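> Heads up, my numbering is the position in the sequence shown plus 30, with the first residue counted as 1.
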Amino acid sequence: MGIRFIFMLTRNDKTVESAEVHLETALAEGVHHIGFKDIGLPFARLKKLNDAIKAGGATSYLEVVSLDKESEIASAKAAVDIGVDVLLGGTHVDAVLPILRATGIEYFPFPGKISGHPSVLDGSVEEIVSSAKDLTSRDGVHGLDLLAYRSPGDVEALMAAVCAATDKPVIMAGSIDNRDRVADVQKSGAAGFTVGTAALDGDYPAQAGDLSFQLQAIMKDVAEVNNHVSNVVVKNLDAAFAKFDEPWSPRVAGRINTMLLKLVKLEGAFTWHYHTIEDELFLVHRGKMLMKFRDRDEVLNPGEFIIVPHGVEHCPVALSDICEVLLLEPETTLNTGNATDQRTVRELKQV
Ligand code: NI
Numbered sequence: 031m032g033i034r035f036i037f038m039l040t041r042n043d044k045t046v047e048s049a050e051v052h053l054e055t056a057l058a059e060g061v062h063h064i065g066f067k068d069i070g071l072p073f074a075r076l077k078k079l080n081d082a083i084k085a086g087g088a089t090s091y092l093e094v095v096s097l098d099k100e101s102e103i104a105s106a107k108a109a110v111d112i113g114v115d116v117l118l119g120g121t122h123v124d125a126v127l128p129i130l131r132a133t134g135i136e137y138f139p140f141p142g143k144i145s146g147h148p149s150v151l152d153g154s155v156e157e158i159v160s161s162a163k164d165l166t167s168r169d170g171v172h173g174l175d176l177l178a179y180r181s182p183g184d185v186e187a188l189m190a191a192v193c194a195a196t197d198k199p200v201i202m203a204g205s206i207d208n209r210d211r212v213a214d215v216q217k218s219g220a221a222g223f224t225v226g227t228a229a230l231d232g233d234y235p236a237q238a239g240d241l242s243f244q245l246q247a248i249m250k251d252v253a254e255v256n257n258h259v260s261n262v263v264v265k266n267l268d269a270a271f272a273k274f275d276e277p278w279s280p281r282v283a284g285r286i287n288t289m290l291l292k293l294v295k296l297e298g299a300f301t302w303h304y305h306t307i308e309d310e311l312f313l314v315h316r317g318k319m320l321m322k323f324r325d326r327d328e329v330l331n332p333g334e335f336i337i338v339p340h341g342v343e344h345c346p347v348a349l350s351d352i353c354e355v356l357l358l359e360p361e362t363t364l365n366t367g368n369a370t371d372q373r374t375v376r377e378l379k380q381v
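#1: Buried or exposed: which applies to Pro-141, given that a residue is buried once 16 or more other Cβ atoms fall within 10 Å of its Cβ?
#2: Measuring CB to CB, does Leu-23 end up less than 8 Å from Ala-88?
#3: Under a three-way DSSP split, which group does Leu-71 fall into?
#4: Following a CB-centred definition, is Asn-375 positioned closer than 7 Å to any heavy atom of the ligand NI?
#5: Could you tell me the alpha carbon to alpha carbon distance between Ser-161 and Lys-78, rounded to whole angstroms?
#6: Inspect the beta-carbon positions of Leu-383 and Leu-39 and report whether they are closer than 8 Å.
#7: Anyone know if the C-beta pair for Leu-117 and Val-95 falls short of 8 Å?
#8: Quick check on Pro-360: does DSSP put it in helix, strand or coil?
#9: Taking 7 Å as the cut-off, is the C-beta of Val-338 nearer than that to any heavy atom in the ligand NI?
#10: What does the alpha-carbon distance come out to for the pair Ile-83 and Ile-64?
#11: Would you check if the distance between the CB atom of Val-225 and the CB atom of Ile-201 is smaller than 8 Å?
#12: For Ser-145, which residues in the same chain have their Cβ closer than 8 Å to its Cβ, ignoring the five residues on either side in sequence?
#13: Identify the continuous alpha helix (DSSP H) that holds Ile-352 and give its terminal residues.
#14: Roughly how many whole angstroms lie between the Cα atoms of Lys-265 and Lys-292?
#15: Using 10 angstroms around the beta-carbon of Ser-105, count the other beta-carbons present and answer buried if the total reaches 16, otherwise exposed.
#16: Is any heavy atom in the ligand NI found nearer than 7 Å to the beta carbon of His-303?
#17: Which residue's Cα is closest to the Cα of Ala-125: Ser-101, Val-159 and Asn-365?
#18: With DSSP run on the structure shown, which of helix, strand or coil describes Met-319?
#19: How many Å lie between His-315 and Gly-60 at the Cα?
#20: Quick check: the segment 279-290 against the segment 329-348, are there 3 or more CB pairs under 8 Å?
#21: Sort Gln-244, Asn-257, Pro-280 and Gly-284 by Cα distance to Val-263 and report the nearest one.
#22: What residue range does the alpha helix (DSSP H) around Phe-398 cover?
#23: Is the beta carbon of Gly-134 less than 8 Å from the beta carbon of Asn-80?
#24: Have a look at Phe-66 and Gly-170 and give me their C-alpha separation to the nearest angstrom.
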């Protein structure tokens, strides 16, 4: 799963005037979680913005940063009217819960005492944890929105303590503007984090300040801290086949979950056999092969493949001096199936 990145169309806790333009950029970059705040634009425009987020296939978030109860109630009602997926923030939970009931909107209020605009989080770690426990014990509260980097104390300790205090997801909001903070959020056990101002101002460390580069840099860091990147490289079949000569000795060229992609060179006829549970795909890369079955023969040329179902007896034969075949089969597949002989290979080499 990993932590999720929520891009906020906001600067200094206000939805920006050019939100629609930035939304286009974010959707084009493949951002899947996009939010805005209840301050900055009229609700009618937020509704259109929300529609555009949803039409782009992303999850929408409205974060309440109004401090007074009446404004928060108005924002919660607007969230219902707008049809957001998630309501973040706010502190008047008892007033908001009845408004959200049966709407399907997920609710992540702020734990602790919030003041000012842009918002800051006051109180000790103990007080904030106590508030977190109280809020997450309630039905209708799906998680928390923690203004971790807007608190005066030890931010890492606060994030870890709040995440440890509940099984519900915790989103870290506010002032996350570099990779170290993203990594600390991930380490704390949080479900995600928001970035608005840093990306819109071009302050996140990136190749350039344009929003596209900013979002790419954040998503790269998120993928890395989530360990969702791997050293993927292109493999060339001609080059791979050139690395070995031994016939009837499959080489492992790749793994697809529990399936192996193998390369094998054929020479003459193999051993008649079948596989009790494994199906096998044979795709000819170079040369010509014959697949003998008990009831018929099939000839395969380059670019042609055949899938031999389990239980079906078969005997592959090379019809050309060079015969290179690609196999796709479960990792448990033994090359000689039920007919163990001197050509059975149990330990496959990689290529
Ligand atoms: Ni076989």
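Think of the CB as a built atom: it goes at the ideal place given N, C-alpha and C, for glycine as much as any other residue. Please read all numbers here as calculations on a predicted model, not as lab measurements.
According to the structure data:
#1: Mapped onto the sequence shown, residue 141 falls at position 111. Flag for Pro-141 reads buried.
#2: Missing from the structure shown is residue 23; the chain here goes from 31 to 381 and no further.
#3: Mapped onto the sequence shown, residue 71 falls at position 41. It is coil, neither helix nor strand.
#4: Indexing the sequence shown from 1 puts residue 375 at position 345. Reading off the sequence, residue 375 comes out as Val, not Asn. Val-375: no, Cβ never under 7 Å from the ligand NI.
#5: One-based indexing of the sequence shown puts residue 161 at position 131. One-based indexing of the sequence shown puts residue 78 at position 48. So the alpha carbons of these two residues sit roughly 34 Å apart.
#6: Limits of the chain in this structure are 31 at one end and 381 at the other, which puts residue 383 out of reach.
#7: Stepping through the sequence shown from its first residue, residue 117 is reached at position 87. Stepping through the sequence shown from its first residue, residue 95 is reached at position 65. No, they are not a contact pair.
#8: Counted from its first residue, the sequence shown places residue 360 at position 330. The answer is strand: DSSP assigns Pro-360 an E or B state.
#9: Working through the sequence shown from its first residue, we reach residue 338 at position 308. Val-338: yes, Cβ under 7 Å from the ligand NI.
#10: Position 53 of the sequence shown, counted from the first residue, corresponds to residue 83. Position 34 of the sequence shown, counted from the first residue, corresponds to residue 64. Going from the Cα of Ile-83 to the Cα of Ile-64 covers about 7 Å.
#11: Within the sequence shown, numbered from 1, the residue matching residue 225 stands at position 195. Within the sequence shown, numbered from 1, the residue matching residue 201 stands at position 171. No, the pair does not count as a contact, with Cβ atoms beyond the cut-off.
#12: Along the sequence shown, read from residue 1 onward, the residue named residue 145 stands at position 115. Only Leu-97 and Asp-152 meet the Cβ criterion.
#13: Here the question's residue 352 lines up with position 322 in the sequence shown. Run containing Ile-352: none; DSSP gives neither H nor E here.
#14: By one-based count along the sequence shown, residue 265 stands at place 235. By one-based count along the sequence shown, residue 292 stands at place 262. Near 13 Å, if we compare the C-alpha coordinates of Lys-292 and Lys-265.
#15: Along the sequence shown, read from residue 1 onward, the residue named residue 105 stands at position 75. The residue is buried, with at least 16 neighbouring Cβ atoms inside 10 Å.
#16: Working through the sequence shown from its first residue, we reach residue 303 at position 273. Correct: His-303 has its Cβ closer than 7 Å to the ligand NI.
#17: By one-based count along the sequence shown, residue 125 stands at place 95. It is Ser-101 whose Cα lies nearest to the Cα of Ala-125.
#18: Residue numbering aside, residue 319 sits at position 289 when the sequence shown is read from its first letter. In this structure, Met-319 counts as strand in the three-state DSSP scheme.
#19: Taking the sequence shown and counting its residues from 1, one reaches residue 315 at position 285. Taking the sequence shown and counting its residues from 1, one reaches residue 60 at position 30. Cα to Cα, the separation comes out at about 36 Å.
#20: No contact exists between the segment 279-290 and the segment 329-348.
#21: Residue mapping note: residue 263 aligns to position 233 of the sequence shown, counting from 1. Taking only the C-alpha atoms, the option nearest Val-263 is Gly-284.
#22: Any answer about residue 398 is impossible in this case: the structure gives the chain only from 31 up to 381.
#23: Stepping through the sequence shown from its first residue, residue 134 is reached at position 104. Stepping through the sequence shown from its first residue, residue 80 is reached at position 50. No. Outside cutoff.
#24: Along the sequence shown, one-based indexing puts residue 66 at 36. Along the sequence shown, one-based indexing puts residue 170 at 140. Cα to Cα, Phe-66 sits roughly 21 Å from Gly-170.
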